[in-house]
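Colleague: Protein sequences, first through last, are from chains H and E.
Using the working numbering, you'd call the opening residue of the first sequence number 30 and step up by one each time.
Using the working numbering, you'd call the opening residue of the second sequence number 45 and step up by one each time.
For each residue, glycine too, the CB sits at the ideal point set by N, CA and C.
As the structure is a computational prediction, the values presented were derived from the model and not from experiment.
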Amino acid sequence: TQLLEQSPQFLSIQEGENLTVYCNSSSVFSSLQWYRQEPGEGPVLLVTVVTGGEVKKLKRLTFQFGDARKDSSLHITAAQPGDTGLYLCAGSYNQGGKLIFGQGTELSVKP
Amino acid sequence: DTAVSQTPKYLVTQMGNDKSIKCEQNLGHDTMYWYKQDSKKFLKIMFSYNNKELIINETVPNRFSPKSPDKAHLNLHINSLELGDSAVYFCASSRLAGGTGANVLTFGAGSRLTVL
Numbered sequence: 030t031q032l033l034e035q036s037p038q039f040l041s042i043q044e045g046e047n048l049t050v051y052c053n054s055s056s057v058f059s060s061l062q063w064y065r066q067e068p069g070e071g072p073v074l075l076v077t078v079v080t081g082g083e084v085k086k087l088k089r090l091t092f093q094f095g096d097a098r099k100d101s102s103l104h105i106t107a108a109q110p111g112d113t114g115l116y117l118c119a120g121s122y123n124q125g126g127k128l129i130f131g132q133g134t135e136l137s138v139k140p
Numbered sequence: 045d046t047a048v049s050q051t052p053k054y055l056v057t058q059m060g061n062d063k064s065i066k067c068e069q070n071l072g073h074d075t076m077y078w079y080k081q082d083s084k085k086f087l088k089i090m091f092s093y094n095n096k097e098l099i100i101n102e103t104v105p106n107r108f109s110p111k112s113p114d115k116a117h118l119n120l121h122i123n124s125l126e127l128g129d130s131a132v133y134f135c136a137s138s139r140l141a142g143g144t145g146a147n148v149l150t151f152g153a154g155s156r157l158t159v160l
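Right, here's the structure in full:
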C-alpha cells in the first residue's frame, strides 16, 4: 500500500512552462518535506512544512501543505533545464518520526 | 567537505557473494539510516540507528546486517546476495529541525549494487 501518492510520475515540459506536482495521502502528517534528487546523487531537502495551509516559497518554487495536513503540492514557475530531477515528497506522522517517501515525480525540462 | 560519504559508489558482484557498504557522516548527527531505492526510484527505509542503537528495523531479510561502531558510522553487510538485492542503497543522517520537530535528512550519494 502506497501511503503517499505522487502525481504525475513523469513530466516532460519545455523551458518556461509552469507545472504542479501533487503529493496525496489519506493519513494526517505531522510534517511533510520535499526533496530533489539528481542522477547519481542522493536526495537534497528543499523545504519542510508543518502547519495546515502553510505556503512556502523558494525562488520559483512554491510549496503548499493542505489544510488537513494530508496533502501537499509543489508548483514551479517558468521551469528551467536546471530544475530537471526527481522530486520526492516525504511525510512523518509524529515529531522526530521516520520519514515515509512518495514514489517520486521525474521532471524533465527541455531547452 | 562531504557531509555523508558512502563507499563504494558502484558494486558489481555475483549471486551468493557477501558484500559491505560503508557510511560515515561528519555532521555530528545522532541518527543514521539505510534506505533502498529500487529501479522505479521508490525510496524505502531499511534501518535506523540512534547513537549506535538500532531503533528502526523494517521488514528486511536477515541477510542484511547493519553495524554502527560509533554514531558517525553505519555500515551495511549483505550475505548471500540475490538478484533482487540490485538497487541503489543510500545512507543518511538526520537532525531534528528546530521549531518544526521534523527529522531533516542528509543523504550520501548512494551505492549502486548490481548482482549478476
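So, with DSSP's three-state summary, where would you put E:Asp-129?
Modeller: Taking the first residue of the second sequence as position 1, residue 129 of chain E is located at position 85. If DSSP states are grouped into helix, strand and coil, E:Asp-129 belongs with the helices.
Colleague: Return the residues of the region 73-105 of chain H that lie within a Cβ-Cβ distance of less than 7 Å from chain E, sorted by chain order.
Modeller: Here the close residues are Leu-74, Thr-77, Val-79.
Colleague: If H:Leu-74 sits next to H:Tyr-64, beta carbons under 8 Å apart, how far is it from one beta carbon to the other, in whole angstroms?
Modeller: Here the question's residue 74 of chain H lines up with position 45 in the first sequence. Here the question's residue 64 of chain H lines up with position 35 in the first sequence. With a Cβ gap of about 6 Å, H:Leu-74 and H:Tyr-64 count as contacting.
Colleague: Helix, strand or coil, according to DSSP, for H:Gly-111 in the structure here?
Modeller: As a position in the first sequence, residue 111 of chain H is number 82, starting the count at 1. Looking at H:Gly-111 - three-state DSSP - the assignment turns out to be helix.
Colleague: Measure from the alpha carbon of H:Phe-92 to the alpha carbon of each residue in H:Lys-99, H:Arg-98, H:Val-78, then state which is nearest.
Modeller: Taking the first sequence and counting its residues from 1, the one referred to as residue 92 of chain H is at position 63. Of the listed residues, the one whose Cα sits closest to H:Phe-92 is H:Val-78.
Colleague: Output the residue ranges of the beta strand (DSSP E) runs that lie fully inside the region 64-143 of chain E and measure 3 residues or longer, sorted by chain position.
Modeller: With a minimum length of 3 residues, the continuous beta strand (DSSP E) runs that stay inside the region 64-143 of chain E are 75-81, 87-94, 97-101, 108-114, 117-122, 131-140.
Colleague: Is there a C-beta anywhere in chain E that falls below 8 Å from the one on H:Gly-71?
Modeller: Position 42 of the first sequence, counting from 1, holds the residue named residue 71 of chain H. Cβ-Cβ to chain E under 8 Å: yes for H:Gly-71.
Colleague: According to DSSP, H:Lys-139 sits in a beta bridge with which residue or residues?
Modeller: Locating residue 139 of chain H in the first sequence gives position 110, counting from the first residue. According to DSSP, which records beta bridges pairwise, H:Lys-139 is partnered with H:Gln-43.
Colleague: Kindly say whether E:Asn-61, judged by its beta-carbon, lies nearer than 8 Å to any beta-carbon of chain H.
Modeller: Counting from one through the second sequence, the residue named residue 61 of chain E turns up at place 17. No, no contact with chain H.
Colleague: Could you round the C-beta distance between E:Lys-85 and H:Gln-62 to whole angstroms and report it? I think they count as a contact, below 8 Å.
Modeller: Numbered from its first residue, the second sequence carries residue 85 of chain E at position 41. Numbered from its first residue, the first sequence carries residue 62 of chain H at position 33. Actually they do not touch by this definition, with Cβ atoms about 17 Å apart.
Colleague: Does H:Gly-120 come out as helix, strand or coil in the three-state DSSP assignment?
Modeller: Position 91 of the first sequence, counted from the first residue, corresponds to residue 120 of chain H. DSSP places H:Gly-120 in strand when its eight states are reduced to three.
Colleague: Count the other C-beta atoms from every protein chain shown that fall within 10 angstroms of the C-beta of H:Leu-128, then say buried if there are 16 or more, exposed otherwise.
Modeller: Indexing the first sequence from 1 puts residue 128 of chain H at position 99. Counting Cβ neighbours within 10 Å, H:Leu-128 comes out buried, since at least 16 surround it.
Colleague: Using the C-alpha atoms, what's the distance from H:Gly-114 back to H:Arg-89?
Modeller: For this step, residue 89 of chain H is matched to residue 60 along the first sequence. For this step, residue 114 of chain H is matched to residue 85 along the first sequence. C-alpha separation (whole angstroms): 15 Å.
Colleague: Which residues in the same chain have their Cβ closer than 7 Å to the Cβ of H:Cys-96, if we skip the five residues on either side of it in sequence?
Modeller: The count along the first sequence starts at 1 and reaches residue 96 of chain H at position 67. The identity of residue 96 of chain H in the sequence shown is Asp, whereas the question assumes Cys. Excluding residues within five positions, the ones whose Cβ falls inside 7 Å are Gly-81, Gly-82.
Colleague: Work out the CA separation of E:Glu-126 and E:Thr-75 for me, nearest whole Å.
Modeller: In the second sequence, counting from the first residue as 1, residue 75 of chain E sits at position 31. In the second sequence, counting from the first residue as 1, residue 126 of chain E sits at position 82. Between E:Thr-75 and E:Glu-126, the C-alpha separation is close to 28 Å.
Colleague: Which residues mark the beginning and the end of the beta strand (DSSP E) in which H:Phe-92 is found?
Modeller: Counting from one through the first sequence, the residue named residue 92 of chain H turns up at place 63. Element bounds for H:Phe-92: 90-94.
Colleague: Does H:Leu-115 get closer than 8 Å to chain E when you measure Cβ to Cβ?
Modeller: Against the first sequence, residue 115 of chain H aligns to sequence position 86. Closer than 8 Å to some Cβ of chain E, the Cβ of H:Leu-115 qualifies, so yes.
Colleague: CA-CA distance, H:Tyr-116 and E:Asn-101?
Modeller: Along the first sequence, read from residue 1 onward, the residue named residue 116 of chain H stands at position 87. Along the second sequence, read from residue 1 onward, the residue named residue 101 of chain E stands at position 57. Looking at the two C-alpha atoms, the distance is approximately 26 Å.
Colleague: Could you name each continuous beta strand (DSSP E) segment of 3 residues or more that falls completely within the region 53-81 of chain H, going from the start of the chain to the end?
Modeller: Counting only runs of 3 or more, we get 60-66, 73-78.
Colleague: Assign H:Ala-107 to buried or exposed, taking buried as 16 or more other Cβ atoms, counted over all protein chains shown, within 10 Å of its Cβ.
Modeller: Here the question's residue 107 of chain H lines up with position 78 in the first sequence. Burial call: exposed.
Colleague: Helix, strand or coil for H:Lys-145 per DSSP?
Modeller: This structure does not reach residue 145 of chain H, given that chain H is present from 30 up to 140, and the question cannot be answered.
Colleague: Using the Cα positions of H:Ile-42 and H:Gln-35, report the straight-line distance between them to the nearest angstrom.
Modeller: Translated into the one-based positions of the first sequence, residue 42 of chain H becomes position 13. Translated into the one-based positions of the first sequence, residue 35 of chain H becomes position 6. Looking at the two C-alpha atoms, the distance is approximately 18 Å.
Colleague: Quick one: give me the first and last residue of the beta strand (DSSP E) that E:Thr-57 is part of.
Modeller: Along the second sequence, read from residue 1 onward, the residue named residue 57 of chain E stands at position 13. Residues 54-57.
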